[in-house]
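Worksheet for the structure shown next.
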Amino acid sequence: MARSWHLRLAEKVLFDFDVEQLKTLLTTEKFDNELRRQALALRRKFYGNRIFVRGLIEFTNHCKNNCYYCGLRRDNRNLQRYRLTNEEILTCCREGYGLGFRTFVLQGGEDPYFSDEVLVPLVAAIRKEFPDVAITLSVGERSRASYQALYDAGADRYLLRHETADAKHYRMLHPADQRLANRIRCLNDLKEIGYTVGSGFMVGSPGQTTAMLVEDLRFLQKLQPGMIGIGPFLSHRDTPFGNEKNGNLQLTLRLIAILRIMFPCALIPATTALATLAENGRELGMEYGANVLMPNLTPECQRSKYSLYDNKVTTGIEAAGQLAALKQRMSAAGWEIVVDRGDPVSY
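Numbering (the working numbering), first residue to last: 634 to 980.
In structure tokens form, the structure reads like this:
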């Protein structure tokens, strides 16, 4: 096992963990410092000390789905729903561009209102007004034709977590009308069309086992996404999983490090969920290999309504308007926030 740790950073082929090694790493704390050291070395090799920021616009909290873990689920009657208009979304982009953001992430529930007739012209308008930005969409499962139309309108990237690569576990987290096979179909369609694709999973979701986490890592190896987003499972009181235990911070950090070693060129965010579990969660994510932050551009009056889980952080340096404070805080930790699209480097 010890010899495996000596990653030869100058070589084209990096160490590929086998199943038993992954199980050991996921369940043993004694390797954490070495994982962190190796992940940090790879992150610095390919990205230096740069941190890429994305302006997150959570433009609708309506959702047709009924996922058992998500506060936006259709049957949550306690959530005050909202939709931003196209002009409000463009205003968020203008404010973000002025602050220095060169990537916008449009994220929402699977809201039938935002059909192609509504969303395609919006993407085209953003592309026309801001030709030098990257446009990232995170709006769930759609048809291949829809993905193609949005790509043709100017979208560059698409975030769609697979959540779990185990079909039985997927059925534990979602109603019967949602299928893992369709989620995988969507991811494959997005890659074939030409998007930079992001996927990922929750850490510590109800029913998850170490073997399932290994399966998630193997699935990502097949998919080879340009972006990988993971975060701890966090419960929401108005869901069937409202009384479930939250995911583990250290296991999430361990997985970020493993992912950095397995995917040295991937864009890996330190998520809001990390900052919800620990006040210094962003900095910890960076120390374990993350290189992306997503401050929130959503209008402040709506921000708390995008309630994926309880106690979600929406203020302070989580807000895009506090970018200067975020830069100062990251600089003090040794990182440099850059004005850049932040495309993944080629290996």
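Just so it is clear, CB atoms sit at the ideal spot from N, CA and C, and this is done for glycine as well. Everything numeric in this text was worked out from a predicted model, so none of it was measured.
Annotation: residue 788 is outside any beta strand (DSSP E) and is labelled neither H nor E by DSSP. A straight line joining the alpha-carbon of residue 888 with that of residue 865 spans about 10 angstroms. Relative to residue 875, the option among 680, 688, 703, 671 whose CA is nearest is 703. For the pair residue 773 and residue 698, the CB atoms are nearer than the 9 angstroms cut-off. Approximately 15 angstroms separates the beta-carbon atoms of residue 752 and residue 793; this is outside 8 angstroms, ruling out the contact. Ranked by how close their Cα comes to the Cα of residue 688, the residues 656, 724, 680, 666 have 724 in first place.
Residue 684 places its beta carbon 9 angstroms or farther from that of residue 860.
Around the C-beta of residue 798, 16 or more other C-beta atoms lie within 10 Å, and the residue is accordingly described as buried. Exclusion of the five residues before and after residue 760 leaves 787 as the residues of its chain whose Cβ lies within less than 6 angstroms of its Cβ.
Restricting attention to beta strand (DSSP E) runs no shorter than 3 residues, the stretch 749-776 encloses them at 767-771, ordered along the chain.
By the criterion of at least three beta-carbon pairs nearer than 8 angstroms, the stretch 654-673 is in contact with the stretch 842-851. Look at the beta carbons and you see the stretch 925-945 not touching the stretch 888-899: under three pairs across the two are nearer than 8 angstroms. In the three-state DSSP reduction, residue 692 falls in the strand class (E or B).
Inter-residue distance for residue 781 and residue 673 is about 36 angstroms (C-alpha atoms, whole angstroms). Only residues of its own chain outside the window of five on either side were considered, and among them 914, 915, 946, 951 have a CB closer than 7 angstroms to the CB of residue 908, listed in chain order. Taking 9 angstroms as the cut-off, the Cβ atoms of residue 837 and residue 886 do not count as close. Here residue 938 has 694, 712, 713, 714, 715 as same chain residues with Cβ atoms under 8 angstroms from its own Cβ, once five neighbours each way along the sequence are excluded.
Ranked by how close their Cα comes to the Cα of residue 737, the residues 778, 743, 692 have 692 in first place. Selection 827, 700, 855 evaluated against residue 811 yields 700 as nearest (Cα-Cα). The shortest CA-to-CA distance from residue 765 to any of 776, 856, 972, 979 is the one to 972. If you look at residue 710, you'll find it isn't in any alpha helix (DSSP H); DSSP assigns it neither H nor E. Residue 869 sits away from residue 803, with the two beta carbons spaced by 9 angstroms or more. Cα atoms of residue 663 and residue 975: separation of roughly 33 angstroms, rounded to the nearest angstrom. As the crow flies, the alpha-carbon of residue 767 is around 34 angstroms from that of residue 667.
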